[in-house]
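In our numbering, the protein residues as written are 6 to 348. First the structure, in the form of structure tokens, and then the observations on it.
Structure follows, in structure tokens:
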């Protein structure tokens, strides 16, 4: 019932389970009126007899229930699920539960719900950035190992997950053009990374200077994790007209050549509450999306000015300015504004 589609059944199930586990908690923690958003009592399941079997069942159903919940309940379920999976994985040597992959799927499928929850609960944002950054780094490391070993299938999920091709300049490699390499990353991991970067708020400081962030430093705190993802994926092209795949999210494509990052996702990044990320998105978005981004409400003045300056520079560099701007607003260009990948 904890993962039932009916919200009333889920609520009743949480209350019944909370009452059933009351005896496992310290007396002073008991509440006369149960808080339906407080699911910390779930953590007591790891201390009962036959905890391994019970936790495995809990992981199965909580993994389904996060598809329906939101707010404080979603936050508590994710925090509990992280602890349960860590406990279960420590109990076994194989067939481990992939919490990172599960969280990436959730962020990809329910970005607005997840962003609302992260805005309310800072510990959830920190957990998400730490876990997703580690998953992203793992994808890059596997891609590098696969390239070095001439093995195209080192990831066991590669045959079942939709992948995208990325031209990545790892922040830890500096600005050298030779550091750029093509990698394959699961689509839901890319989407999750962009959701977290776009959700970074204005009041939180973030360092997007030219200083490279190492893989280990990126996992030290949420600020550096977000900066690491932004430097990896929101990358203004260094050279134009080279015929090479654009770096980062701007050049991400599916196997069929279609763009992997839609205009809606670029709008999300360009409307970021963090001016540094918004400006970076304005400088990195594909040229063909710029007119659409200019039409958005809520664009910061920094992002807007960056896009206007960029359009002016592109027009000046074109031999026929009028023709160039006309092409940006042609029916074929406009048709790409809202197009996503059709599976």
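Ideal placement from N, C-alpha and C gives every residue a C-beta, glycine not left out. Please read these numbers as outputs of a predicted model, since none were measured by experiment.
| query | result |
| --- | --- |
| Give, in chain order, every unbroken run of the alpha helix (DSSP H) that is at least 4 residues long and sits entirely within the segment 234-287. | 268-275 |
| Since I believe residue 239 is in contact with residue 285 (beta carbons under 8 Å), could you give me their beta-carbon distance rounded to a whole number of angstroms? | 5 Å |
| Return helix, strand or coil for residue 191, following the three-state DSSP convention. | strand |
| Quick one: measure Cβ to Cβ for residue 141 and residue 234, integer angstroms, because I've assumed they're closer than 8 Å. | 7 Å |
| Determine the direct distance from the alpha carbon of residue 278 to that of residue 31, and round the result to whole angstroms. | In this predicted model, residue 31 has a pLDDT of only 49, less than 50, meaning its place in the structure is not dependable; the value taken from the coordinates is given anyway. Their Cα atoms are separated by approximately 42 Å. |
| Between which two residues does the beta strand (DSSP E) holding residue 168 run? | 168-174 |
| Where does residue 74 sit, in a helix, a strand or coil, going by DSSP? | coil |
| Would residue 267 and residue 173 qualify as a contact pair, given that the criterion is a beta-carbon distance under 8 Å? | no |
| Could you tell me which of 231, 221, 256, 80 sits nearest to residue 134, measuring between CA atoms? | 231 |
| Residue 17 by DSSP, collapsed to three states: which one? | helix |
| First and last residue of the alpha helix (DSSP H) that includes residue 113? | 104-114 |
| Starting from residue 10, follow the alpha helix (DSSP H) in both directions and report where the run begins and ends. | Neither: residue 10 is in no alpha helix (DSSP H) and is coded neither H nor E. |
| Would you kindly check if the distance between the Cβ of residue 171 and the Cβ of residue 270 is under 8 Å? | no |
| Output the distance between the C-alpha atoms of residue 250 and residue 108, rounded to the nearest integer angstrom. | 29 Å |
| Please name the residue in 88, 136, 91, 256 whose C-alpha comes closest to that of residue 352. | In the structure displayed, the chain extends from 6 to 348; residue 352 sits before or after that span and is not available. |
| Alpha carbon to alpha carbon, how far is residue 60 from residue 70? | 15 Å |
| Could you name the residues that DSSP lists as bridge partners for residue 186? | 173 |
| Determine the burial state of residue 119: buried for a count of at least 16 other Cβ atoms within 10 Å of its Cβ, exposed for fewer. | buried |
| How would you call residue 144, buried or exposed, if buried means at least 16 neighbouring beta carbons within 10 angstroms? | buried |
| One question on the structure: do residue 275 and residue 306 come within less than 8 Å of each other, judged by their Cβ atoms? | no |
| Using the three-state DSSP reduction, which class does residue 205 fall into: helix, strand or coil? | coil |
| By a C-beta neighbour count over all protein chains shown, 10 Å radius and 16 as the cutoff for buried, is residue 190 buried or exposed? | buried |
| Would you kindly work out how many angstroms separate the C-alpha atoms of residue 96 and residue 88, rounded to a whole number? | 13 Å |
| Beta-carbon within less than 8 Å of residue 242's beta-carbon, same chain only, minus the 5 sequence neighbours each way: which residues are those? | 251, 252, 255, 289 |
| How far does the alpha helix (DSSP H) with residue 296 in it extend, from its first residue to its last? | 295-299 |
| Leaving out five residues on either side along the sequence, give the residues of the same chain with a beta carbon under 6 Å from the beta carbon of residue 67. | 82, 86 |
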